[in-house]
Amino acid sequence: MSSVPLLLDLGNSRIKWRQAEQSGVAHSVAELWQQCAQLVRTTKIIGCAVANPALQTQIEQLFAQHWQAHTQWLKVSRKALDVRNHYQNIAEQGPDRWAAVLGARQRFAKQNVLVISAGTALVIDSLSAEGDFLGGTIAPGLGLMKTVLHQATARLPLAQGQALAFPQSTIDAIETGCLRAMLGAIQIAETALQQQHQAATQIVLFGGDAAILATLLNGKAIAVDNLVLDGLAALLAAGDGEFC
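Numbering (our numbering), first residue to last: 2 to 245.
What follows is the structure, given as structure tokens:
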């Protein structure tokens with residue numbers, strides 16, 4: 002039995018995991034176990050969940066059965082590491098947002114950072130160089146925007162297009178329009194953070210659409226693997242954070 006922790010990020014569409022230098026992505030509990038069965042067995046399983054509570058229960062039962070391990074889940078707190086949380090009601094705040102902010106703080110200490118999750122939703126959170134989590138915005142992600150356009154209209158297709166300066170097809174017009182909406186939200190948040198704190202802002206993206214957004218931001222942003230798991234790892238290393 003190992004003390005090397007297994008970290009879990011239960012998102013809306015995927016389950017991400019990491020143990021030491023190994024990591025993976027699963028789309029079901031069964032697939033998760035196929036991947037994790039090959040890992041070093043551990044009693045320390047730490048997770049962050051925004052998915053259906055039933056999925057959390059399945060995960061807990063999975064590792065209790067196979068590894069006799071108890072899974073702990075991150076709770077949002079008013080302070081962790083050196084970050085102060087100014088969200089009005091922390092019970093409403095997703096633990097994935099909190100973990101990602103903490104992960105960004107570890108990577109970009111003493112910098113103003115826009116922490117952007119580009120997945121099912123586009124979440125843009127602001128972290129000051131002084132360590133204050135200021136809040137953020139939530140909007141539909143790229144896939145969700147395109148799906149809603151398709152479902153709510155009679156003739157707009159659901160297809161993969163290209164982002165172009167002057168789209169000349171419907172699928173390219175949809176792709177470009179949705180991406181420009183996302184870029185506009187990012188640029189507004191960047192301007193607000195820079196105006197309030199009078200310093201340059203580091204933009205960091207993660208999630209399924211992080212790479213394309215980073216490219217369209219022309220070098221102003223970097224895409225990373227998973228800030229949620231980075232945040233969980235930082236909390237464990239520091240012996241900090243609240244879990245249940």
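Backbone N, C-alpha and C fix where the C-beta goes; we use that ideal spot for every residue, glycine too. All figures in this text were calculated on a predicted structure; none of them were measured in a lab.
Query, Result
"Using the three-state DSSP reduction, which class does F134 fall into: helix, strand or coil?", "strand"
"For the candidate residues N90, C49, H28, whose alpha-carbon lies nearest to that of Q135?", "Reading the sequence as shown, one finds Leu at residue 135 and not Gln. Ranking N90, C49, H28 by Cα distance to L135 puts N90 first."
"I117 and I213: beta carbons closer than 8 Å?", "no"
"Alpha carbon to alpha carbon, how far is N113 from R42?", "39 Å"
"Counting only runs of 3+ residues fully inside the stretch 79 to 120, write out the beta strand (DSSP E) ranges in chain order.", "84 to 86, 113 to 119"
"Once you ignore the five residues that flank C179 on each side, which residues in its own chain have a CB closer than 7 Å to its CB?", "L143, M146, K147"
"Locate the beta strand (DSSP E) running through C49, then write down its first and last residues.", "45 to 50"
"Given 8 Å as the limit, is there contact between the stretch 30 to 40 and the stretch 54 to 67, that is, 3 or more CB pairs closer than that?", "yes"
"Given the structure, does A211 come close to the ligand GTP, in the sense that its CB is under 7 Å from one of the ligand's heavy atoms?", "With respect to small molecules bound, the structure shown includes none, and the ligand GTP cannot be examined in it."
"Beta-carbon within less than 7 Å of T138's beta-carbon, same chain only, minus the 5 sequence neighbours each way: which residues are those?", "I125, A186, A190"
"Taking the beta strand (DSSP E) that R19 belongs to, which residues open and close that run?", "16 to 20"
"For a quick check, are the C-beta atoms of G232 and A119 less than 8 Å apart?", "no"
"Do you know how far the Cα of D97 is from the Cα of K80?", "15 Å"
"Which residues does DSSP list as the beta-bridge partners of P6?", "Its beta-bridge partners do not exist; DSSP assigns none."
"Can you tell me which residues form a DSSP beta bridge with L128?", "V114, F134"
"Please work out which residues of its chain come closer than 6 Å, Cβ to Cβ, to L194, disregarding the five sequence neighbours upstream and downstream, and give them in chain order.", "N113, S127, T202"
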